[in-house]
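Offset between the sequence shown (1-based) and the working numbering: plus 504. Built from N, CA and C at the ideal position, the CB exists for glycine as well. Note sheet for the following structure.
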Amino acid sequence: MFFHIVLERNMQLHPRHFGPNLRDKLVAKLMKDVEGTCSGRHGFVVAITGVDNVGKGLIRDGTGFVTFPVKYQCVVFRPFKGEILEAVVTMMGFFAEAGPVQIFVSNHLIPDDMEFQSGDIPNYTTSDGSVKIQKDSEVRLKIIGTRVDATEIGEKPKECKEALVLPFSAI
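Following this line, the structure appears as structure tokens:
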């Protein structure tokens, strides 16, 4: 689910950026540092939509860097238990992606009428052959639990490493 929230962050700026464009440099650095990151509490930061306030800077001893408190608005993506998502299968076993979120589907949660077929293109197929799930298939998933990989929090990964265990149905 997407949320529009207000967050705060202390931003450090090098003295070479001081001047008439100080605020623009600070906002550009904020966007570069924050957009695309994952936080365990708020989820995946999709985009910064506005900067509400840039506080007074505090000069750091010995470096000349200045730390500015910045209050900003952003859109975050955070899936919740019970939410339905559409995703694309990335790897059999199987993993899928819904935007920045990596999803894991346990073998125990795959419907009983589907059977794993190994071969050149591994897939799950219904007994009557009407539905086949393989790499690049689109699936609809229901989240039954979430977990954030603590090693990825605050980093700027390609996808937010939230492993979700879900039952599914083909779209």
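To the nearest angstrom, how far is the alpha carbon of residue 505 from that of residue 618?
Looking at the two C-alpha atoms, the distance is approximately 29 Å.
Measure the Cβ-Cβ separation of residue 538 and residue 549 and say whether it is below 7 Å.
Yes.
When we look at the beta-carbon of residue 514 and count the other beta-carbons within 10 Å, is it buried (16 or more) or exposed?
Classification for residue 514: exposed.
Between the Cα of residue 576 and the Cα atoms of 536, 632 and 558, which residue gives the shortest distance?
Out of 536, 632 and 558, 558 has the C-alpha closest to the C-alpha of residue 576.
Tell me, please, which residues DSSP counts as bridged to residue 527.
Its beta-bridge partners do not exist; DSSP assigns none.
With 16 other CB atoms within 10 Å as the buried threshold, where does residue 627 fall?
Looking at its Cβ environment, which holds 16 or more other Cβ atoms inside 10 Å, residue 627 is buried.
Out of 601, 534 and 528, which has the shortest C-alpha to C-alpha gap to residue 644?
Selected option, being the one with the closest Cα: 601.
Three or more beta-carbon pairs under 8 Å between the stretch 586–596 and the stretch 515–528, yes or no?
The stretch 586–596 is not in contact with the stretch 515–528.
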